[in-house]
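**Student:** Quick one: the structure is below, questions incoming.
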Amino acid sequence: MTDISQSGPVLAADGTPLKRSLSRALRMQKLRALMLIAPLLLFILVTFILPVADMLFRSVENRIVQDTLPRTVEALADWDPASGQLPEEAVFAAMAADLQIAAKEKTHTRVAKRLNYENPGVSSVFRKSGRKVGKWDLATDGPFREKLIEIDDGWGDVELWRTIKTYSGSFTSGYFLNAVDMQLGAEGPEIRPENERIYNTMLVRTMRMSLIITFSCILLGYPVAWILANLPARKANLLLILVLLPFWTSLLVRTSAWKILLQQQGVINDTLVWIGLVDDANRLVLINNELGTIIAMTHILLPFMILPMYSVMQTINPSYLRAAKSLGATDWTAFWRVYFPQTVPGIGAGSILVFILAVGYYITPALVGGTKGTFISNLIAYHISTSGNWGLGAALGAILLAVVLLLYWVYDKVVGIDNVKLG
Amino acid sequence: MSALPPYATVGQRTWHYTFRVICGLVFFFLIAPIVVIIPLSFNAQDFFTFTPEMLRLDPEGYSLKHYRDFFNNDSWQSAMWNSLKIAPMATIVSVTFGTLAAIGLSQPHVPFRRAIMAILISPMIVPLIISAAGMYFFYSRIGLQGTYIGVVLAHAALGIPFVIITVTATLVGFDRSLTRAAANMGADPVTTFFRVQMPLILPGVISGGLFAFITSFDEVVVVLFVGSAGQKTLPWQMFIGLREQISPTILAVATILVAISIMLLATVEMLRRRSERLRGMSPG
């Protein structure tokens, strides 16, 4: 028999205070849970988070000018571009020395390419000079100012030197400014001339088309979700398969199906001609434009809209509608004032999901979008794999990622990532 | 909704049927593009539309030539084998790590649960082109770009969110007292896991695995960047085919892939119904 009237802390079986014993058990439990999660967290960190962070870093990193032209960068420090005067002979001598080394190591073309993104034309100046500077004797062949300008007039342009000075830091906002159609001018950031603006148009187009796709998904998905939620379970399950099958079908299969259907000689145009709606000579242009992208992507993303709507509608008690009607509401009022407000969370969840997926789409716009229906992703892919302007690609990617993460955060607040359901 | 009441007005009746027609049209929109390519893949001609012979149901209009081409063409065959080599490995990696982490995440007291969950789900949310570009740079740095292992790791990372979501969902219905009972009777944690917990959450693990498999099997953006010609997968080959010269062999491949999706879908549905029945959640 224990003495229950004893004072002091309650003791566990081994004599330690129960409170401490409990907190130790809790700590152990937390530790065990974390130990189970740790391998995966580490895996995701190395295979996914680090690569994405690495790429984002490239959007501000700008070591190449400093690394390739160290003497020039140092000599330019005292030069004031606002004066409108060319830099002094010392700067030209430093440039000649840097170019000689860079040409030997064949890095001058890379720095030329980097500077060319900011000031078109720099590239040819560097390439042309790199070949000739190699033969000079740095000690005796001065003055280099005249000799460089003799090789290419470009060296006599204040703008060129200003570009080098502006982009000589280790970090730059240049790529980001470029991504929003701006540039670093003499007096800080300025908007690019009208004919050089492409990225804003692209961003706006991506947003606009994603919104159109989201709205068409709501429009097409709402009735389907409603009928699925209100049919008897057996029938609803059968119809649900019609929604899940596209969801499980390969993206490439669905895109190729649309590519084949939408062609001018494809099944849709053939059918329309056969019915007589469209004249054989004026077949509809349904592909390689915005319309093609919108049709195909609405089809591909529709299941992501229907499933969250369906799971919300399933939980709505049908007696609310009956109650509204028995209180005298018309069918429309009962739907709009009673049923619809309860489905808003489902619409919200589906819309954010569809929009997040749509803004980042690459494959479908690349295959059915032509030139008019491509997205910002296609531009990023172009800069990463074709043009080699990785910094600009990374900056565009960072902007896209910021939009997506903001929506992801909203989604987490509204729906909760724990509540994501698959099929 | 199931039936119209006898007192419904003409307007209500009209709307009832119009509404059903609208829904029917949306279902048609969802399913028709997938169904249409199946007969087209048996076309005897190299066209992408129905020939008059096909419409007359003339056996002459149909043939298996596109399928023969798929099975005899080296680039299609090597693409298929690459896909079959990459997807199962990626699935094994994501299921192993994912299941362990999901069990950890569903313990009652997990610090930073929300933040960890957000990180683990992020591969599903981050646009594929960004993941692909990041992996391309990073994997080149550590020498994994253009290797089989690089592609497997990349695909495993993309599949993990699906495993986490399905397995945590299954664990919600898991009765914790069962593992305590097992421990009480002298089973060590490993035995408890394999003999008690695993059999019960297996349906969730398998559907998560199937999701991870299809993610890898369908994936094209990441493999385009991380892989090299030696890892050319089926979707990659299809992407090239669609972008350059589109050959009707793609229709045969698409039909085969649709058949695979139907099988996977059927398996997942069966598993879902089974686990709902076991938990007594299913109405029928």
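In order, the protein sequence lines correspond to chains A and B.
Under numbering that gives the first Met the number 0, the first residue of the first sequence is numbered 0, with each subsequent residue one higher.
Under numbering that gives the first Met the number 0, the first residue of the second sequence is numbered 0, with each subsequent residue one higher.
Heads up, the beta-carbon is just placed ideally off N, CA and C, and yes, glycines get one too.
Curious, which full-length alpha helix (DSSP H) runs of at least 4 residues does the region 319-385 of chain A contain?
**Tutor:** Those alpha helix (DSSP H) runs which fall completely within the region 319-385 of chain A and span 4+ residues are 339-358, 362-367 and 375-380.
**Student:** Between B/V204 and chain A, is any beta-carbon pair separated by less than 8 Å?
**Tutor:** Locating residue 204 of chain B in the second sequence gives position 205, where the first residue counts as 1. No, its Cβ sits nowhere closer than 8 Å to a Cβ of chain A.
**Student:** From what residue to what residue does the beta strand (DSSP E) around B/P58 run?
**Tutor:** Mapped onto the second sequence, residue 58 of chain B falls at position 59. Neither: B/P58 is in no beta strand (DSSP E) and is coded neither H nor E.
**Student:** For A/F175, which residues from the same chain have a beta carbon less than 7 Å from its beta carbon, with the 5 sequence-adjacent residues on both sides left out?
**Tutor:** As a working note, residue 175 of chain A is residue 176 in the first sequence. Within the same chain, and ignoring the five residues on either side of A/F175 in sequence, the residues whose Cβ sits closer than 7 Å to its Cβ are S58 and A394.
**Student:** For the region 310-331 of chain A, list every residue whose C-beta sits within 9 Å of some C-beta in chain B, in sequence order.
**Tutor:** P317 and D330
**Student:** Please check the pair A/M54 and B/A31, which I expect to be a contact at CB under 8 Å, by giving their CB distance rounded to whole angstroms.
**Tutor:** Here residue 54 of chain A corresponds to residue number 55 of the first sequence, with the count starting at 1. Here residue 31 of chain B corresponds to residue number 32 of the second sequence, with the count starting at 1. Wrong, their Cβ atoms sit about 39 Å apart, outside the cutoff.
**Student:** Please go through the region 149-193 of chain A and give each complete alpha helix (DSSP H) segment of 4 or more residues, from N-terminal end onward.
**Tutor:** 157-165 and 173-178
**Student:** Decide if A/E193 is buried, meaning its Cβ has at least 16 other Cβ atoms within 10 Å, or exposed.
**Tutor:** Numbered from its first residue, the first sequence carries residue 193 of chain A at position 194. It counts as exposed.
**Student:** Is the beta carbon of B/T98 sitting closer than 8 Å to the one on B/V204?
**Tutor:** In the second sequence, the residue the question calls residue 98 of chain B occupies position 99. In the second sequence, the residue the question calls residue 204 of chain B occupies position 205. In contact: B/T98 and B/V204 (Cβ atoms closer than 8 Å).
**Student:** Name the chain B residues whose beta carbon is nearer than 7 Å to that of A/Y407?
**Tutor:** The residue you call residue 407 of chain A lines up with position 408 of the first sequence. The answer, in chain order, is I124.
**Student:** Using DSSP with H/G/I as helix, E/B as strand and the rest coil, what is B/N42?
**Tutor:** Position 43 of the second sequence, counting from 1, holds the residue named residue 42 of chain B. Three-state result, B/N42: strand.
**Student:** Which residues bound the alpha helix (DSSP H) around B/Y6?
**Tutor:** In the second sequence, residue 6 of chain B corresponds to position 7, counting from 1. No alpha helix (DSSP H) holds B/Y6; DSSP gives it neither H nor E.
**Student:** Quick check on the DSSP output: the alpha helix (DSSP H) that includes B/V204 runs from which residue to which?
**Tutor:** Against the second sequence, residue 204 of chain B aligns to sequence position 205. First-last of the alpha helix (DSSP H) with B/V204: M197 to D217.
**Student:** So that I know if they touch, is there some Cβ in chain A lying closer than 8 Å to that of B/R179?
**Tutor:** The residue you call residue 179 of chain B lines up with position 180 of the second sequence. Contacts with chain A at 8 Å (Cβ-Cβ) do not include B/R179.
**Student:** Grab the span of the alpha helix (DSSP H) containing A/W247 for me, first residue to last.
**Tutor:** Indexing the first sequence from 1 puts residue 247 of chain A at position 248. Its alpha helix (DSSP H) spans residues A232 to W247.
**Student:** Cβ closer than 8 Å: which chain A residues qualify as neighbours of B/A228?
**Tutor:** In the second sequence, the residue the question calls residue 228 of chain B occupies position 229. When 8 Å is used as the limit between beta carbons, B/A228 is near no residue of chain A, the shortest such separation being about 14 Å.
**Student:** Determine the burial state of B/R271: buried for a count of at least 16 other Cβ atoms within 10 Å of its Cβ, exposed for fewer.
**Tutor:** As a position in the second sequence, residue 271 of chain B is number 272, starting the count at 1. Answer is buried; the Cβ neighbour count reaches 16.
**Student:** Please list, in chain order, all residues of the same chain as A/D13 whose beta carbon is under 7 Å from its beta carbon, the five residues on each side excluded.
**Tutor:** Counting from 1 along the first sequence, the entry for residue 13 of chain A is found at position 14. No residues qualify anywhere along the chain.
**Student:** At a CB distance below 9 Å, what residues from the region 52-80 of chain B approach chain A? Give them in sequence order.
**Tutor:** none
**Student:** For A/V414, does the three-state DSSP call read helix, strand or coil?
**Tutor:** Indexing the first sequence from 1 puts residue 414 of chain A at position 415. Coil, per DSSP.
**Student:** Residues of the region 48-69 of chain A with a CB closer than 9 Å to any CB of chain B: list them in chain order, please.
**Tutor:** I48, L49, P50, V51, A52, D53, M54, L55 and R57
**Student:** What separation, rounded to the nearest whole angstrom, lies between the Cα atoms of A/N316 and A/F214?
**Tutor:** The residue you call residue 316 of chain A lines up with position 317 of the first sequence. The residue you call residue 214 of chain A lines up with position 215 of the first sequence. So the two alpha carbons sit approximately 26 Å from each other.
**Student:** When you compare the CB of A/Y403 with every CB in chain B, is at least one pair closer than 8 Å?
**Tutor:** In the first sequence, the residue the question calls residue 403 of chain A occupies position 404. A small fix is needed here, since residue 403 of chain A is Val in this sequence, not Tyr. Yes, A/V403 lies at the interface with chain B (some Cβ there is under 8 Å from its Cβ).
**Student:** Of all the CB atoms in chain A, is at least one closer than 8 Å to the CB of B/F28?
**Tutor:** As a first step, residue 28 of chain B is located in the second sequence; it is residue number 29 there, counting from the start. Nearest CB-CB separation between B/F28 and chain A: below the 8 Å threshold.
**Student:** A/Q28 lies in the alpha helix (DSSP H); which residues open and close that run?
**Tutor:** Here residue 28 of chain A refers to the residue found at position 29 when the first sequence is read from its first residue. From DSSP, the alpha helix (DSSP H) with A/Q28 extends over L17 to I43.
**Student:** Buried or exposed: which applies to B/F27, given that a residue is buried once 16 or more other Cβ atoms fall within 10 Å of its Cβ?
**Tutor:** Here the question's residue 27 of chain B lines up with position 28 in the second sequence. Burial call: exposed.
**Student:** Any beta carbon from chain B within less than 8 Å of A/G392's own beta carbon?
**Tutor:** The count along the first sequence starts at 1 and reaches residue 392 of chain A at position 393. It does; some Cβ of chain B falls within 8 Å.
**Student:** Whose C-alpha, out of B/R12, B/H65, B/L29 and B/R140, is nearest the C-alpha of B/T254?
**Tutor:** Taking the first residue of the second sequence as position 1, residue 254 of chain B is located at position 255. For B/T254, the nearest C-alpha among the options comes from B/H65.
**Student:** With distances taken Cα to Cα, identify the nearest neighbour of B/F18 among A/G173, A/D97, A/L218 and A/N287.
**Tutor:** Here residue 18 of chain B refers to the residue found at position 19 of the second sequence. Checking every option, the nearest Cα to that of B/F18 belongs to A/L218.
**Student:** Contact check, B/V195 vs B/T178 under 8 Å by CB: the rounded distance?
**Tutor:** Here the question's residue 195 of chain B lines up with position 196 in the second sequence. Here the question's residue 178 of chain B lines up with position 179 in the second sequence. Right, the Cβ-Cβ distance comes to about 6 Å (below 8 Å), so this counts as a contact.
**Student:** DSSP three-state call for B/E243: helix, strand or coil?
**Tutor:** The residue given as residue 243 of chain B occupies position 244 in the second sequence. Coil at B/E243, not helix or strand.
**Student:** Using a threshold of 8 Å, state whether the C-beta atoms of B/V222 and B/I128 are closer than that.
**Tutor:** As a working mapping, residue 222 of chain B is identified with position 223 in the second sequence. As a working mapping, residue 128 of chain B is identified with position 129 in the second sequence. It is not a contact, given that the beta carbons lie outside the stated cut-off.
**Student:** Mind reading off the beta-carbon distance from A/H298 to B/L29? Whole number of angstroms is fine, and I expect it under 8 Å.
**Tutor:** For the purposes of this step, residue 298 of chain A is identified with residue 299 of the first sequence, where counting begins at 1. For the purposes of this step, residue 29 of chain B is identified with residue 30 of the second sequence, where counting begins at 1. Confirmed, about 7 Å.
**Student:** Pick helix, strand or coil for A/L10, following the three-state DSSP scheme.
**Tutor:** Working through the first sequence from its first residue, we reach residue 10 of chain A at position 11. Here A/L10 carries a strand assignment [DSSP, helix/strand/coil].
**Student:** Buried or exposed for B/K231, going by 16 or more other Cβ atoms inside 10 Å?
**Tutor:** One-based indexing of the second sequence puts residue 231 of chain B at position 232. Flag for B/K231 reads buried.
**Student:** Could you please give me the residues that DSSP links to A/E60 through a beta bridge?
**Tutor:** Within the first sequence, residue 60 of chain A is the residue found at index 61, counting from 1. Partner(s): A/F170.
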